[in-house]
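Structure first, then comments.
Residue numbers (the working numbering), protein chains in the order written: chain A, 1 to 179; chain B, 180 to 334.
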């Protein structure tokens, strides 16, 4: 008897199966990018912080109340002007008496209410951070001719120490918490 | 003359498709590897605010997620409509945050632990009260690297 060669398995449908799986994974894949405003919280201590005597001219106090209104250095302000005002305060180009002596001494003090909207809070925080980032960019451009993020580590550290981002957050007030 | 008649005898050989599955499998494995099946089902509505000064979180394994928002419709009967915290896939209270952080920490090799970041995915309409409580809990647990998750601003 002549042995018959076993029939070859048709593998052409293999591609279809693989395609099916591929499409399943293509559809379910969500390459989620998580982006956000990075902050470093201060460490917790049980004792109340010592009251540091700060020269008021160096403190840029920002208060946000439960109605999402802004009080900057005692004056009601809108969020739109916050970034510009903060930049002027920190850099103090005209060396005014009531603004920061030096960017290194400037402190931004942020205080909110427990009833403040999170969106408003984040917008304010973002604007304050943006003010610093813009100042750093400006300084980097003046000194090295490129943006802050393209500088090398030493140059960045130098600028960072000249324009330190200090946002101090006080315990929130509690006037208008709703649930 | 013979030029045209020879057409019939020499056909183009069929292109072998035998390697097609291999190529497809290669793609398949790529997608299988990059796919992160979302482990936590969202139970609260989270619509993060927009911001411009964004930092991208690189290492997924070093990030733990804390969701704050109002419960979704189907959970409102049990949990009400006031903002709630979601850790992993369940509703939690502020007191459970340290344990949650600790559980995440042990999955991370010791050398990488200083790089652990907490990503706060907070709904824009939530008030700061609950967020402050979370922040205090994080500070007490010495988890100081925090990322307020936000959408890029569309200008």
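In this text, a Cβ means the ideal position worked out from N, Cα and C, and glycines have one as well. Being a predicted model, the structure only gives us computed values, none of them experimental.
Whole-Å CB distance - residue i paired with residue j, under 8 Å assumed
| i | j | result |
| --- | --- | --- |
| residue 346(B) | residue 172(A) | Look at the range of chain B in this structure, 180 to 334, and you will see that residue 346(B) is not part of it. |
| residue 296(B) | residue 324(B) | 5 Å |
| residue 29(A) | residue 290(B) | About 30 Å; that fails the 8 Å criterion. |
| residue 221(B) | residue 326(B) | Actually they do not touch by this definition, with Cβ atoms about 18 Å apart. |
| residue 232(B) | residue 130(A) | 5 Å |
| residue 245(B) | residue 313(B) | 6 Å |
| residue 124(A) | residue 135(A) | Wrong, their Cβ atoms sit about 17 Å apart, outside the cutoff. |
| residue 219(B) | residue 280(B) | Actually they are not in contact, since the Cβ atoms of residue 219(B) and residue 280(B) sit about 15 Å apart, beyond 8 Å. |
| residue 223(B) | residue 263(B) | 6 Å |
| residue 248(B) | residue 302(B) | 4 Å |
| residue 331(B) | residue 35(A) | 7 Å |
| residue 150(A) | residue 211(B) | Contact doesn't hold; Cβ gap of about 37 Å is too wide. |
Residue nearest to residue i in terms of C-alpha spacing, selected from the options
| i | options | result |
| --- | --- | --- |
| residue 329(B) | 211(B), 212(B), 230(B) and 219(B) | 230(B) |
| residue 70(A) | 127(A), 24(A) and 39(A) | 127(A) |
| residue 68(A) | 112(A), 161(A) and 16(A) | 112(A) |
| residue 200(B) | 16(A), 160(A) and 3(A) | 16(A) |
| residue 285(B) | 251(B), 260(B), 241(B) and 267(B) | 241(B) |
| residue 100(A) | 55(A), 47(A), 39(A) and 22(A) | 55(A) |
| residue 177(A) | 166(A), 144(A), 117(A) and 143(A) | 117(A) |
| residue 162(A) | 59(A), 83(A), 35(A) and 132(A) | 132(A) |
| residue 103(A) | 122(A), 60(A), 46(A) and 156(A) | 60(A) |
| residue 74(A) | 57(A), 27(A) and 156(A) | 57(A) |
| residue 294(B) | 283(B), 302(B), 300(B) and 272(B) | 283(B) |
| residue 20(A) | 299(B), 208(B) and 191(B) | 208(B) |
| residue 115(A) | 33(A), 22(A), 175(A) and 87(A) | 175(A) |
| residue 300(B) | 38(A), 152(A), 46(A) and 24(A) | 38(A) |
| residue 292(B) | 192(B), 238(B), 251(B) and 258(B) | 238(B) |
Listed by chain order, chain B residues near residue i by CB distance under 8 Å
| i | result |
| --- | --- |
| residue 37(A) | 230, 232, 233, 234, 326, 327 and 329 |
| residue 172(A) | 307, 308 and 311 |
| residue 11(A) | 197 and 200 |
Interface residues of chain A facing residue i [CB-CB closer than 7 Å]
| i | result |
| --- | --- |
| residue 314(B) | 41 |
| residue 192(B) | None at all; the shortest Cβ gap to chain A is about 16 Å. |
Within-7 Å CB hit, residue i to chain B
| i | result |
| --- | --- |
| residue 121(A) | yes |
| residue 60(A) | no |
| residue 85(A) | no |
| residue 55(A) | no |
| residue 16(A) | no |
| residue 133(A) | yes |
| residue 177(A) | yes |
| residue 116(A) | yes |
| residue 50(A) | no |
| residue 141(A) | no |
| residue 68(A) | no |
| residue 217(A) | The first residue shown for chain A is 1 and the last is 179, placing residue 217(A) beyond what the model contains. |
| residue 126(A) | yes |
8 Å Cβ cut-off: residues of chain A touching residue i
| i | result |
| --- | --- |
| residue 224(B) | Per Cβ cutoff of 8 Å: no residues; residue 224(B) is ~13 Å from chain A at best. |
| residue 203(B) | 15, 18, 19 and 22 |
| residue 270(B) | Within chain A, no residue comes near residue 270(B); the closest Cβ sits about 15 Å away, beyond 8 Å. |
CB contact check: residue i to chain A, cutoff 7 Å
| i | result |
| --- | --- |
| residue 284(B) | no |
| residue 181(B) | Caution applies to residue 181(B), whose pLDDT of 49 falls short of 50 and renders its modelled position unreliable; the value that the coordinates give is listed next. It does not; no Cβ of chain A falls within 7 Å. |
| residue 265(B) | no |
| residue 250(B) | no |
| residue 303(B) | yes |
| residue 221(B) | no |
| residue 318(B) | yes |
| residue 335(B) | What is shown of chain B runs 180 to 334, which leaves residue 335(B) out entirely. |
| residue 257(B) | no |
| residue 294(B) | no |
| residue 274(B) | no |
| residue 333(B) | no |
Closer than 9 Å at the beta carbon, the chain B residues around residue i
| i | result |
| --- | --- |
| residue 34(A) | 235, 236, 239, 242, 244, 298, 300, 326 and 328 |
| residue 163(A) | By Cβ distance, chain B contributes nothing, its closest Cβ being about 14 Å from residue 163(A), past 9 Å. |
| residue 113(A) | 306, 307 and 308 |
| residue 150(A) | Chain B residues near residue 150(A): none, gap ~16 Å exceeds 9 Å. |
Contact set between residue i and chain A, taken where Cβ atoms lie within less than 9 Å
| i | result |
| --- | --- |
| residue 280(B) | Neighbours of residue 280(B) on chain A: none; closest Cβ ~13 Å, over 9 Å. |
Residue i beta carbon near the ligand NAD (any heavy atom closer than 6 Å)
| i | result |
| --- | --- |
| residue 169(A) | The ligand NAD is not part of this structure, which contains no ligands at all. |
Neighbouring residues, chain B, relative to residue i (Cβ below 7 Å)
| i | result |
| --- | --- |
| residue 129(A) | 232 |
| residue 26(A) | 210 |
**Report entry** Sequence ranges, beta strand (DSSP E) only - wholly within the region 249-328 of chain B, length at least 3
**Finding:** The region 249-328 of chain B contains these whole beta strand (DSSP E) runs: 263-266, 269-271, 296-301 and 324-328.
Requested in this report: Ignoring anything shorter than 3 residues or poking outside the region 58-118 of chain A, list the beta strand (DSSP E) runs there in chain order.
Outcome: As far as the region 58-118 of chain A is concerned, its whole beta strand (DSSP E) runs of at least 3 residues are 59-64, 70-72, 75-77 and 107-112.
Query raised in the report: Counting only runs that start and end within the region 21-58 of chain A, where is the beta strand (DSSP E) found for 3 or more residues in a row?
Result: Listed in chain order, they are 35-40.
Query raised in the report: Counting only runs that start and end within the region 186-240 of chain B, where is the alpha helix (DSSP H) found for 4 or more residues in a row?
Result: Counting only runs of at least 4 residues, the region 186-240 of chain B fully encloses the following alpha helix (DSSP H) elements, listed from N- to C-terminal order: 199-213.
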